[in-house]
Amino acid sequence: MKQESKIENQKIVRPIKVESVELEKIIAKPNDKFPEPLQGEFAFVGRSNVGKSSLLNAILGKKVAFVSKNPGKTRTINYYLVNHKFYLVDLPGYGYARTSKKDREEWRKVIERYFSERTWNMKVLFALVDSRHELMESDAQLFEWLDILGIEPIVALTKIDKLSNTELKRQIDYFEDVLSAYKIKRIIPCSSLKKEGIDRIWNVISEELSKE
Ligand SMILES: Nc1nc2c(ncn2[C@@H]2O[C@H](COP(=O)(O)OP(=O)(O)OP(=O)(O)O)[C@@H](O)[C@H]2O)c(=O)[nH]1
Ligand SMILES: [Mg+2]
789 MKQESKIENQ KIVRPIKVES VELEKIIAKP NDKFPEPLQG EFAFVGRSNV GKSSLLNAIL
849 GKKVAFVSKN PGKTRTINYY LVNHKFYLVD LPGYGYARTS KKDREEWRKV IERYFSERTW
909 NMKVLFALVD SRHELMESDA QLFEWLDILG IEPIVALTKI DKLSNTELKR QIDYFEDVLS
969 AYKIKRIIPC SSLKKEGIDR IWNVISEELS KE
């Protein structure tokens, strides 16, 4: 029997029109309060420079999140409120080679707080990984941690516009294989530049929101 593909299918289940987007809340300090839960939240995590803010902008169809060539731009937890109903959450990036030990500890504290205080309101965690490279040590560490926490992320492979079709196919095979070690089954190849994979992400969001 042919093995079922782990790649999310294309069909849009229930399209959601983005009517409004607001940067509702920035969590910068340990005492900053999380916003009202509303219908839930979809979080985006990944290495610095992997393309989290760009993907958020592509999903929302608006330039709301700050994109930069320099890694380490998003250092806070940014809550984008969509249609006054649910949130997309831009989490700070990790793994930037030039960050100090202090910065790494800071990141861990912020993310630890996020996972311990907000997992209950999190519908899906999208973990972004650069499609062009092998899985990095810092990604592997995150996936091990998520496994312990019992969080099963959906992996968004970013910047696929930089790969040829052959390279992309090879990388998808590679990631399917390597990610299965962390029990990760769902992979969405994406390009914020070419707007690829965005429909599939919306599929996941609308499916989750229609569950209640
Ligand atoms: N070719 C291509 N470049 C991209 C894509 N997405 C992001 N980039 C580029 O990658 C760089 C980093 O993008 P960001 O969206 O700022 O990355 P980030 O993960 O939010 O980074 P931090 O906030 O530092 O954690 C920018 O120069 C973007 O233009 C993509 O789909 N294709
Ligand atoms: Mg960012």
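This note's numbering runs 788 ahead of the 1-based position in the sequence shown.
Note that the Cβ used here is the ideal one computed from N, Cα and C, for glycine as well.
| Query | Result |
| --- | --- |
| Quick one: grab the DSSP three-state call for residue 811. | strand |
| Looking at ligand 2, does it come within less than 7 Å of residue 840, judged from the CB to the closest heavy atom? | yes |
| Within 8 Å, do at least three Cβ pairs link the stretch 924 to 934 to the stretch 970 to 980? | yes |
| Just checking my contact of residue 942 with residue 865 at CB under 8 Å: how many whole Å lie between their CB atoms? | Not quite, the Cβ-Cβ distance comes to about 19 Å (not below 8 Å), so this is no contact. |
| For ligand 1, is there any heavy atom lying closer than 7 Å to the beta carbon of residue 897? | no |
| Which residue comes first and which comes last in the alpha helix (DSSP H) that contains residue 846? | 840 to 848 |
| Whose C-alpha, out of 985, 900, 955, is nearest the C-alpha of residue 936? | 900 |
| Using the rule of at least 16 other Cβ atoms within 10 Å of the residue's Cβ for burial, across every protein chain shown, is residue 946 buried or exposed? | buried |
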